[in-house]
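Chains as they are written, first to last, in the numbering used here: chain C, 1 to 674; chain B, 1001 to 1402. Notes follow the structure.
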Amino acid sequence: MANIKATEQPRIGVYICHCGHNIAATIDVAAVAKFAEKLPGVALARDYKYMCSAPGQDLIQSDIEGHKLNRVVVASCSPLLHEHTFRNATEKGGINPFLFQMVNIREHNSWVHTDRAIATEKAKAQVQGAIRRVAGHSALETKRVPIHPDVLVVGGGIAGIHAAMTLANAGKKVYLVEREPSIGGHMAKFDKTFPTLDCAACILTPKMSSVGSHPNITLWSYSEVAKVDGFVGNYTVQVKRKPRYINEDLCTGCQECISSCVFKEPKFPDEFNERLGKRRPVYIPFAQATPQVVLIDPEVCLNFKRQKGPNGEPVVGDKCKKTCVEACGENKAIDFTQKEEIKEIQVGTVIVATGFKTFDATRVPYFGYGKYPNVYTSLEVERLVNASGPTGGHVVLRDGKEPKTIAIAHCIGSRDENTNRHCSRVCCMYSLKLAHLLKEHTGAEIYNFYIDMRTPGKGFEEFYQSVAAEGVHFVRGKIADVYPEAGGTGKLIVQAEDTLLGRVRKQPVDMVVLAVGLEPQADAQDVRRMFNMSCGSEGFFLERHPKLAPVSTFTDGVFIAGACQSPKDIPDTVAQAGAAAAEAMALIDKGHVEQEPNTAFIIEDECSGCKSCVPLCPYTAITFDEAKKKAVINEALCKGCGTCVASCPSGSIKQNLFEDGEIFAEIEGVLAQV
Amino acid sequence: MSNATATADSDAGVMTLANLANFPEGRKVFSCMQCGTCAATCPYGDEMGFPPRAIITMLEAGLIEEVFASPGLLNCVTCYACMAKCPRGIKLTEVLLPLVKEQVFTRLKEVPAELQKALENTMRYGNPMGESPRKRALWAKSSPVPVPVISEIKRPVDVLWFVECYPAYHPRGNDANRATAKLFKALGIDFAILGNEEKCAGECARLVGETGLFDMLTDSNVKLLRKYQFKRIVTGGAHAYDAFKRKYPAAGFDFEVHHSTPFFAQHLARIKPKLTKKLDYTVTYHDACALGRHNGFYDEPRALLAAIPGVKLVEMTHSGVNSICCGGGGGGMWLDTYYAAKGYERLSERRVKEALDTGANALAVSCPYEVSRFEDALKVVGGDKRMVVRDVVELLAEAMED
Ligand SMILES: Cc1cc2nc3c(=O)[nH]c(=O)nc-3n(C[C@H](O)[C@H](O)[C@H](O)COP(=O)(O)OP(=O)(O)OC[C@H]3O[C@@H](n4cnc5c(N)ncnc54)[C@H](O)[C@@H]3O)c2cc1C
Ligand code: SF4
Ligand code: SF4
């Protein structure tokens, strides 16, 4: 461990930043500088308008040279923002960057106080603490850890697909892990996409098949991440591959097995078609599925027993004639003995792109979903208008009749304190799209019941205008009740106040479409924990900074893209996916990461070998050397959390940048007379 | 000025329409996004003139006097429907509407006679019917189970049963009382009533904006309750329960309180073996606003009904949080003539039509207003031959062998 003790007498340079008015309006910065100047060890103290500006940084540099400074203190904003900047300036001046200390007199002072005199006193105390502390700082060295060049992408929606393709095209090796049997995510279910109404399959299918055949992409569908260890640049990941009872390498995608299944007719609810259609036990989710590999559902396949093994796994029987195996013939791709498999991989960076789920409309009983058959969710209608959907693109109700009047209810499970407070951002636009498509398919009268129309994207307002001009009706009011029309007409009444008229409308319709909102995936919390991320109040993954680091997380090397971060449309999703890929590449191409030297180290002579620190370390960085009977800290794994330092009964663990002497000097400085 | 309570920031005093912004619940009113859910779900949304959404716009525009001058808010039956569905979570029925209603009443040229009479009666006799307070416990004489009066037995009891006005005086309420007494006995519960000392809990006075009368009744009932020793209060009055739970604490009421339906549901395991008589009923349950939407007791009454042998439960189109008010709340009990004169549909009739549509032959309720309201409405719509109205406790008692 590089731990060079500086021996010369301290000559400290102190800089008080105005931050424009942010600090100077509340703190008398000149007074603070004057105060600091007189403190022991201080060679010079200045106040300056913007310390982070180029001239501000130059000032530090030239003072170090001109005034032979050997320590620097900057009192300004949060270290999160500019510690790096000033350490660099210190280093450029020719001294070790860790002979520097930063004081936050903005967030911790000027932004939260109003009394100038008291704020100034507090700033003096803060600065005095830093001056005393920095005097005891040692020169330290930043470690460099190499980055593994491979990338893990979790989730194969349009976000994951785009990120994986960007990286793979740049020559990076990518593992793409998708939970479902095929990649494509929600976009694969749509017929057309707003605002341009281009055919979703036409733009998505080529991308999907490129992923499937790209030499740099290992696609693991029907798989999930089971475990993640390590740190930025060096993650060890275990991926669980669920058995699909088909050998992926042998299946040619001919699908002979499906048509020859003993079930002559598809009989089981088809998940891809939102259960509006049916499939067989052996199936492929949709025509363009990637990979083009079938799978067998052991829950309904006759060759499996209707009971579970000791670990809940399906048990193979021998009841079925297995006409599928016959049809597969020489390919021999069907394998009823396939078991769950765990693959272990090494990657340096991760992109999480797990997307969203739609709001469960049964949670609000008065919209009638699940109670009245003619109430549909928007996702169901996406399948109904789709030429490759369960009805071949004919929009018909469950009784086979074509609807003549349709209500589209906006904001279902969005903008509502009883469900989700956030606006789901895409529903206004997809409701316009569905209104257009439904009108095109059926000629029905369509009523959009909305609270506010939100069409802020490129070309969105124009789309709204054109759909309105087609004769779609817009009623400003949220639907509050859905119930059958009296007299057994089979119609439903949707009840809403037309707030522009100030009248309650009871509109009879044949079909109700609920514009369900976007929610975090059901397992978002598990995924969050696995990758050590945070979630915002709505449960979507939290970005490191809402403006300046929108695809980074608080875990280095883990990035997020798409609707898992917040509801968004396809253009924004793709933009984020590209950004996440670029961030990952920036790390990979740099080749290494610098690690803060704030790691813990053991004074070997003093360690009593009690082992109490070993189980406490959250990063399993501490092992025990049985020969020496001493604890050993793996510097590469240590994150500098300090848990072991505080727990060591003999006080023989120390931590760089947080040595007792440094901390006590700072406390004394803050508490001393100012 | 008003008894609409909400926690103030600090020293904000009593909430009024002018100082709403000093209270967290008041500020929330201004977060209204004008979605119209409140008006669209209100059973009188079309007749109200200024439904909650419009009240908020008028308030924001400085035109609230026009709202005060309109009698529209007399139509509010305090059913909590708007509040339950408001996507902004605004406490409309609890916070905003009482403040407005109070002003509407002070500006009313003439309070509808029937309501005026009920309020006067409550003031004078402690019950809206104008019955003699000395006859309040008369019903107990006809109870097959002895019903002790706490002042007479002079000892602490487990359950103090707050009977309330309709059950005490209305013959159909008396029926429910006798059933309740039978259930207490079957469960071996040591109970007593307040007898003639009891006065109306006053919730409806509060909900029509008569806060002075409400305060008077509150004080008198709290003082009375303090005289006796008991573990908990059980009442069959859904509105009394609501008032005890939410409003009385401000007057020093700190007793454990239950509504009889959820109370008996707690004892379902012990009641069930006693339900031995098979009843031939298809039952549909009407969720009382004060019990369901305002206090979340949706499952308890249904669990009790489902335990009765022979009973088949069916649901109305509007049930649970989406239930439609019987029209009796917020003074609606005494506004039937007024509504009729204006040509509005009676909500109790709207409700029983829905109940009849289910094909059920029994309509189960757990609020004392409802038995008489629905029986009356069934006669009007010509459904009284097809359907009976029963309190949940009546059905339970009926299924118990004597
Ligand atoms: C009804 C409807 C219509 C829409 N129409 C349009 C439109 O016309 N135009 C438009 O621009 N936008 C539209 N959108 C929005 C669009 O769906 C999203 O922008 C887009 O799907 C976001 O892509 P994504 O990859 O982030 O998420 P998703 O599409 O949700 O993909 C996420 C993928 O990750 C997988 N996954 C999830 N969890 C895991 C896990 N733990 N492990 C492995 N894999 C996992 C999922 O199986 C899925 O394949 C619409 C949305 C809806 C609801
Ligand atoms: S329901 Fe709530 S948000 Fe909507 S208009 Fe009424 S008060 Fe406003
Ligand atoms: S409480 Fe009921 S009656 Fe009153 S305004 Fe709200 S919905 Fe209408």
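Glycine included, C-beta positions come from ideal geometry on N, C-alpha and C. Remember, it's a predicted structure, so these values are computed and weren't measured experimentally.
{"Asked": "Whether P495/C touches Y447/C by CB criterion (7 Å)", "Found": "A small correction: the amino acid at residue 495/C is Gln; Pro does not occupy that position in the sequence shown. No, Cβ-Cβ distance for Q495/C and Y447/C is not below 7 Å."}
{"Asked": "Beta strand (DSSP E) runs contained entirely in the stretch 509 to 588 of chain C, provided each spans 3 or more residues", "Found": "511 to 516, 518 to 520, 558 to 560"}
{"Asked": "Proximity below 7 Å, CB of E224/C to CB of R279/C", "Found": "no"}
{"Asked": "Amino acids of chain B, ordered along the chain, whose beta-carbon sits closer than 7 Å to that of A496/C", "Found": "G1036, A1040"}
{"Asked": "Collapsed DSSP secondary structure at K1385/B in the structure displayed", "Found": "coil"}
{"Asked": "Proximity test, Cβ basis, 7 Å: S1002/B and chain C", "Found": "Residue confidence is low: S1002/B scores 40 on pLDDT, short of 50, so the model does not pin down where it sits. Its coordinate-derived value is still stated next. Chain C contact via Cβ: absent."}
{"Asked": "Cβ-heavy atom distance, M1033/B to ligand 2, below 6 Å", "Found": "yes"}
{"Asked": "Chain B contact for N3/C (CB, 7 Å cutoff)", "Found": "Caution is warranted here: a pLDDT of 36 is assigned to N3/C, below 50, making its placement in the model unreliable, and no coordinate value can be reported."}
{"Asked": "Neighbouring residues, chain B, relative to T480/C (Cβ below 7 Å)", "Found": "Per the sequence shown, residue 480/C should be read as Ala rather than Thr. The contacting residues are T1037, A1040, T1041, K1085."}
{"Asked": "Members of the stretch 428 to 454 of chain C near chain B, C-beta cut-off 8 Å", "Found": "I451, D452"}
{"Asked": "Alpha-carbon to alpha-carbon, I296/C and E326/C", "Found": "15 Å"}
{"Asked": "Neighbour flag for G1045/B against chain C, beta carbons, 7 Å", "Found": "yes"}
{"Asked": "Within-7 Å CB hit, V504/C to chain B", "Found": "yes"}
{"Asked": "Per-residue contacts from E417/C into chain B (C-beta, under 7 Å)", "Found": "P1087, R1088, G1089"}
{"Asked": "Strand pairing of F601/C, partner residues [DSSP]", "Found": "K654/C"}
{"Asked": "Neighbouring residues, chain C, relative to A1054/B (Cβ below 8 Å)", "Found": "G502"}
{"Asked": "Cross-strand partners of D360/C (DSSP beta bridge)", "Found": "In the DSSP output, where bridge partners are listed per residue, D360/C has none listed."}
{"Asked": "C-beta neighbour in chain C for M1033/B, strict 7 Å", "Found": "yes"}
{"Asked": "Whole-number beta carbon distance between G355/C and A159/C, since they are thought to touch under 8 Å", "Found": "7 Å"}
{"Asked": "Same chain, Cβ closer than 8 Å to T290/C, five either side skipped, listed in chain order", "Found": "S182, I183, G184, M208, S209, V211, G212, L219, S221"}
{"Asked": "The alpha helix (DSSP H) enclosing V134/C, as first and last residue numbers", "Found": "116 to 135"}
{"Asked": "Local Cβ density within 10 Å of L1119/B, reported as buried at 16 or more and exposed below that", "Found": "buried"}
{"Asked": "Backbone secondary structure at M1333/B - three-state DSSP", "Found": "helix"}
{"Asked": "S1366/B versus G1331/B - alpha carbon distance", "Found": "18 Å"}
{"Asked": "Same chain only: Cβ atoms within 6 Å of C328/C, ignoring 5 sequence neighbours per side", "Found": "C257, I334"}
{"Asked": "Buried or exposed by the 16-neighbour rule on C-beta atoms within 10 Å, applied to D1445/B", "Found": "Shown here, chain B extends from 1001 to 1402; a query on residue 1445/B therefore has no answer."}
{"Asked": "Of the residues K654/C, F559/C, D360/C, the one placed nearest A522/C, counting alpha carbons only", "Found": "D360/C"}
{"Asked": "Where A409/C falls: helix, strand or coil (DSSP)", "Found": "strand"}
{"Asked": "Beta bridge counterpart(s) of M1400/B as assigned by DSSP", "Found": "L1275/B"}
{"Asked": "Contact residues within the stretch 548 to 580 of chain C, judged by C-beta distance below 9 Å to chain B", "Found": "none"}
{"Asked": "Residues bridged to N22/C [DSSP beta-bridge criterion]", "Found": "N22/C pairs with nothing; no bridge assigned."}
{"Asked": "Outcome for C1079/B when other beta-carbon atoms lying within 10 angstroms are tallied against a minimum of 16", "Found": "buried"}
{"Asked": "Simplified DSSP assignment, three categories, for A1004/B", "Found": "For A1004/B, the predicted model reports a pLDDT of 42, less than 50, meaning its position is unreliable and no value from the coordinates is stated."}
{"Asked": "Whole-Å CB distance - D685/C paired with P373/C, under 8 Å assumed", "Found": "Residue 685/C lies beyond the range of chain C shown here (1 to 674); nothing can be said about it."}
{"Asked": "Test: T1317/B CB closer than 7 Å to a CB of chain C", "Found": "yes"}
{"Asked": "Simplified DSSP state of W1139/B, which is helix, strand or coil", "Found": "helix"}
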